[in-house]
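All remarks here apply to the structure that follows.
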Amino acid sequence: KFAISFKDFAVKEKLDDSQLAELIAANFELANFEFIRYKTKPKEGWNFVEQIIVTGAVSVAAKKGFVRGQTIGRQVNECRELANTPGGEMTPQLLAAAAKKAARNTVIRVRVLQTGEMSRLKMGGILGVSKGSSEKPCFIIMEYKKGGKEKPIVLVGKGVTFDSGGINIKPEAGMNEMHMDMSGGAAVIHAIALAARLRLKKNVIALIPAVENMVSGSSYRPGDILRSMSGKTIEVQNTDAEGRIILADGLHYAKRYDPKIVIDVATLTGAAVVALGQRCTALFTRDEKFERLFRSAGEQVGDYAWPLPLWDEYEQEIKGTFGDVTNLGKTRYGGAITAAMFLYQFIKGTPWVHLDIAPRMTATDGEYLAKGAAGAPVQLLLEVIERL
1 KFAISFKDFA VKEKLDDSQL AELIAANFEL ANFEFIRYKT KPKEGWNFVE QIIVTGAVSV
61 AAKKGFVRGQ TIGRQVNECR ELANTPGGEM TPQLLAAAAK KAARNTVIRV RVLQTGEMSR
121 LKMGGILGVS KGSSEKPCFI IMEYKKGGKE KPIVLVGKGV TFDSGGINIK PEAGMNEMHM
181 DMSGGAAVIH AIALAARLRL KKNVIALIPA VENMVSGSSY RPGDILRSMS GKTIEVQNTD
241 AEGRIILADG LHYAKRYDPK IVIDVATLTG AAVVALGQRC TALFTRDEKF ERLFRSAGEQ
301 VGDYAWPLPL WDEYEQEIKG TFGDVTNLGK TRYGGAITAA MFLYQFIKGT PWVHLDIAPR
361 MTATDGEYLA KGAAGAPVQL LLEVIERL
């Protein structure tokens, strides 16, 4: 048990009772999480706080804030649990099952497209990347419709449940973390679940292309040309730049909803980590209004995003020689930008934001979080959804 009083907390900004209670509850939940599924329980038991007692007078607004904060914290932790799960137990089909589980006891409708339906839709990006794995790919669709006639907010999350790099195999260092390459998918699953559990009056759609990127005799190859759902052809320069290929199909599918905005979330590039470190998400958009919105929302909830450029000049970097576009820039410079520019080719004409969450894939020192997945950007997405 743990006892607290509002008087114990000093905050720089002036918050009302509801806001302070939400902040306290959410952060207690986040700090009280550790991925222990595969650990043997110690004789003295786990060192978790099981009950928090708030002393002194508590207003009705504060009580509501505590409940909301607890809900937020728990959904972020569910995202962390999902992302931390080893790839052998979180295949594309199991990720689809996890999406259905997250939607239980809500009004979210979940559909899962299998290879036959994806073939009919000509999702050549997803099907091409998945060729090397014995685990079947899928395309997860989650729909929450409580916003009346408002245009929906569409979230697209990268769902690479394990990324070996394919034939362009990754180096040994860091490959043990590549089960977390579906962190974008996990984030959008729990962002829409959070919208439903908070009963937001919004229309939210989550789309997750789910694949494994593995090495085998049937793997897609450098030099292959894949035809995406949009009809654009993708020249494969490197099989380890697979996330943008599957997102191309996801972004094109998102257009079907005539969305208010499409937000894609992906652990897309190491270049974003090099550029920004591990404290914030890389933000790309062609709309300054959205840039301001995401920066402000991130600062409000402590789930930061920082903009990088997406100027027309970068388009030359991803022009294909034998295909319409190539999945790798012409130089080793600006990799996060060229990846974003690649995605832009498949979503032109639609309001769009790209969040490269590679910098925030894992918790870093000073956050007071357990090692492993950070759960970004679930809180950022919630704040944005509520403001839109």
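All the letters of the sequence shown, read from the start, carry residue numbers 1 to 388 under the working numbering. Using N, Cα and C, we set each Cβ at its ideal position, and we do this for glycine too.
Worksheet item: Is the beta carbon of residue 195 sitting closer than 8 Å to the one on residue 202?
Response: Yes, the pair counts as a contact, with Cβ atoms nearer than the cut-off.
Discussion item. At the level of alpha carbons, what is the spacing between residue 344 and residue 63?
Written reply: The alpha-carbon of residue 344 is positioned some 43 Å away from that of residue 63.
Worksheet item: Whose C-alpha, out of 61, 54, 255, 214, is nearest the C-alpha of residue 15?
Response: Nearest option by C-alpha distance: 61.
Worksheet item: Applying the criterion that 16 or more other CB atoms from any shown protein chain within 10 Å of the CB defines a buried residue, is residue 9 buried or exposed?
Response: Around the beta carbon of residue 9, fewer than 16 other beta carbons lie within 10 angstroms, which makes this residue exposed.
Worksheet item: Should the stretch 335 to 350 be called in touch with the stretch 366 to 383, which here means at least 3 C-beta pairs below 8 Å?
Response: At 8 Å Cβ cutoff, the stretches do not touch.
Worksheet entry | Reduced DSSP secondary structure (H/G/I, E/B, other) of residue 58 | Annotated three-state conformation of residue 58 is coil, per DSSP.
Fill in: Nearest candidate by alpha-carbon position, reference residue 168, set 276, 302, 239, 332
Of the candidates 276, 302, 239, 332, the one whose C-alpha sits nearest the C-alpha of residue 168 is 239.
Item to complete: Excluding the 5 residues preceding and the 5 following residue 354 in the sequence, name in chain order all residues of the same chain whose CB lies nearer than 6 Å to its CB.
Response: Excluding positions up to five away in sequence, the list reads 264, 284, 340, 343.
Discussion item. Helix, strand or coil, according to DSSP, for residue 2 in the structure here?
Written reply: Per DSSP, reduced to three states, the secondary structure at residue 2 is strand.
Worksheet item: Under a Cβ-count criterion, where at least 16 other Cβ atoms within 10 Å of its own Cβ denotes burial, should residue 330 be classed as buried or exposed?
Response: Of the other Cβ atoms in all chains shown, fewer than 16 fall within 10 Å of the Cβ of residue 330; this residue is therefore exposed.
Fill in: contact_flag[the stretch 206 to 216, the stretch 169 to 185] where n(CB pairs < 8 Å) is 3 or more
At 8 Å Cβ cutoff, the stretches touch.
Worksheet entry | Among 1, 109, 30, 123, nearest to residue 232 - alpha-carbon criterion | Relative to the Cα of residue 232, the nearest Cα in the group 1, 109, 30, 123 belongs to 123.
Worksheet item: In whole angstroms, what is the alpha-carbon distance linking residue 159 and residue 127?
Response: Distance between the alpha carbons of residue 159 and residue 127 is about 13 Å.
Discussion item. Given a cut-off of 8 Å on the beta-carbon distance, is the pair residue 113 and residue 141 in contact?
Written reply: Cβ distance < 8 Å, so residue 113 and residue 141 count as in contact.
Worksheet item: Given a threshold of 16 other Cβ atoms within 10 Å of its Cβ, counted over all protein chains shown, does residue 148 qualify as buried or as exposed?
Response: Here residue 148 is exposed: its Cβ has fewer than 16 other Cβ atoms, across all protein chains shown, within 10 Å.
Worksheet entry | residue 255 versus residue 290: straight-line alpha-carbon distance, rounded | Distance between the alpha carbons of residue 255 and residue 290: 18 Å.
Worksheet item: Out of 246, 236, 235, 153, which has the shortest C-alpha to C-alpha gap to residue 204?
Response: Measuring from the Cα of residue 204, the nearest candidate turns out to be 153.
Practice prompt. Could you give the DSSP three-state label for residue 282: helix, strand or coil?
Written response: If DSSP states are grouped into helix, strand and coil, residue 282 belongs with the strands.
Worksheet entry | residue 260 beta carbon less than 8 Å from that of residue 151 | With respect to residue 260, residue 151 sits close: the two C-beta atoms are nearer than 8 Å.
Item to complete: Grab me the residues of residue 241's own chain with a C-beta within less than 6 Å of its C-beta, minus the 5 sequence neighbours each way, in chain order.
Response: Correct list, in chain order: 327, 328.
Fill in: Spatial distance of residue 100 from residue 137 (CA atoms)
Rounded to whole angstroms, residue 100 to residue 137 spans 16 Å at the Cα level.
Worksheet entry | Terminal residues of the alpha helix (DSSP H) in which residue 245 lies | Start and end: 243 to 254.
Item to complete: Can you check the stretch 132 to 192 for any beta strand (DSSP E) of at least 3 residues that lies completely inside it and give the ranges in chain order?
Response: The beta strand (DSSP E) runs lying completely inside the stretch 132 to 192 and spanning 3 residues or more are 138 to 145, 153 to 157, 159 to 163, given in chain order.
Worksheet item: Just the Cα atoms here: how many angstroms apart are residue 235 and residue 314?
Response: In a straight line, the C-alpha of residue 235 is about 17 Å away from that of residue 314.
Worksheet item: Over what stretch of residues does the beta strand (DSSP E) that includes residue 268 continue unbroken?
Response: Premise fails: residue 268 is in no beta strand (DSSP E) and is neither H nor E.
Discussion item. Please tell me whether residue 380 and residue 305 are closer than 8 Å, where the distance is taken between their beta carbons.
Written reply: A contact, by the Cβ cut-off of 8 Å.
Item to complete: Can you say whether residue 103 is buried or exposed, counting buried as having 16 or more other CB atoms within 10 angstroms of its CB?
Response: The residue is buried, with at least 16 neighbouring Cβ atoms inside 10 Å.
Practice prompt. State the CB to CB distance for the pair residue 72 and residue 2, rounded to an integer number of angstroms; the pair is presumed to be in contact (CB under 8 Å).
Written response: About 19 Å separates the CB atoms of residue 72 and residue 2; that is not less than 8 Å, and the two are not in contact.
Worksheet item: According to the Cβ coordinates, are residue 272 and residue 359 closer than 8 Å?
Response: Residue 359 sits close to residue 272, with the two beta carbons spaced by under 8 Å.
Worksheet item: CA-CA distance, residue 292 and residue 56?
Response: Each residue's Cα considered, the two are about 39 Å apart.
Practice prompt. Note down the Cα distance separating residue 301 from residue 221, rounded to an integer number of angstroms.
Written response: The alpha-carbon atoms of residue 301 and residue 221 are separated by roughly 42 Å.
Discussion item. Can you list, in chain order, the residues of its chain with a C-beta nearer than 8 Å to that of residue 278? Leave out the 5 residues immediately preceding and following it.
Written reply: Correct list, in chain order: 359, 360, 362, 364.
Practice prompt. Would you kindly work out how many angstroms separate the C-alpha atoms of residue 92 and residue 270, rounded to a whole number?
Written response: Answer to the nearest angstrom: the Cα atoms are 23 Å apart.
Worksheet entry | Burial state of residue 253 (16 or more Cβ within 10 Å) | Result: buried.
Worksheet item: Can you tell me whether DSSP reads residue 113 as helix, strand or coil?
Response: Three-state result, residue 113: strand.
Worksheet item: Leaving out five residues before and five after residue 66 in sequence, what residues of the same chain have Cβ atoms less than 6 Å from its Cβ?
Response: So the list reads 21, 25, once near-sequence residues are dropped.
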